[in-house]
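Let me begin by presenting the structure, written as structure tokens, before commenting on it.
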Amino acid sequence: MNNIAEGLDIHYRNVITGILNTDGKHLGEDIQHLLDEIAEYQTIVDDYMYVIESDFRQTESMALSMVVPIAEDKPIKLPQGYRFQSYYQLLDLVGSRVVDADTVQLQNQIVTLLEYLAEQDHDPATPLIMRLHQLNDHRYTEVYVGIAVRRIGANEGEE
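With our numbering applied, the sequence shown corresponds to residues 1438 to 1596, in that order.
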């Protein structure tokens, strides 16, 4: 079953952003530690997301760009190396969602998404983007890739 959608956007107001360096073994713990540190001084209001800035197949050393939405219009205190942004958006995304996925299922969904991009002749414009939701007793993981959108413009038909 193909549960891939195109034309998706993500918009946040008031986020804390920064790079988290971790490894696959401690990924969950390191993310939770960062969220706990942010929650000491700010109110986290929405599902966080991260962009995998390194090769997702190499889990020994990973660099993640974290995006954590907060309620406050101005942060009280930021974790070291992190910054505040009043607005954050990603446009022109292709994405998919998996429910209660383990690592292998998530990796398989990523491969399916990348194969879909190739089949549709889409040019990736971003690294992998992961957004996590907890609803009732289920964890939803959304996987996105930004694509280069071919816009009809002045260069079409010109010689």
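Backbone N, C-alpha and C fix where the C-beta goes; we use that ideal spot for every residue, glycine too.
Taking 3 residues as the shortest admissible run, the segment 1513-1583 contains the following complete beta strand (DSSP E) segments, listed from N- to C-terminal end: 1520-1536, 1565-1572, 1575-1583. When Q1469, I1481, E1556, L1543 are compared, the shortest CA-CA separation from L1565 is found for L1543. Per DSSP, reduced to three states, the secondary structure at D1446 is strand.
By the neighbour-count criterion, in which 16 or more other beta carbons inside 10 Å mark a residue as buried, V1541 falls on the exposed side. V1548 has its alpha-carbon roughly 38 Å from the corresponding atom of D1510.
Annotation for I1489: the continuous beta strand (DSSP E) segment containing it runs 1486-1489. Going by DSSP, A1476 is part of the alpha helix (DSSP H) stretching over 1464-1476.
Pairing V1531 with Y1581 gives a Cβ-Cβ distance under 8 Å. With contacts defined as CB atoms closer than 8 Å, M1503 and G1461 fail to qualify as a contacting pair.
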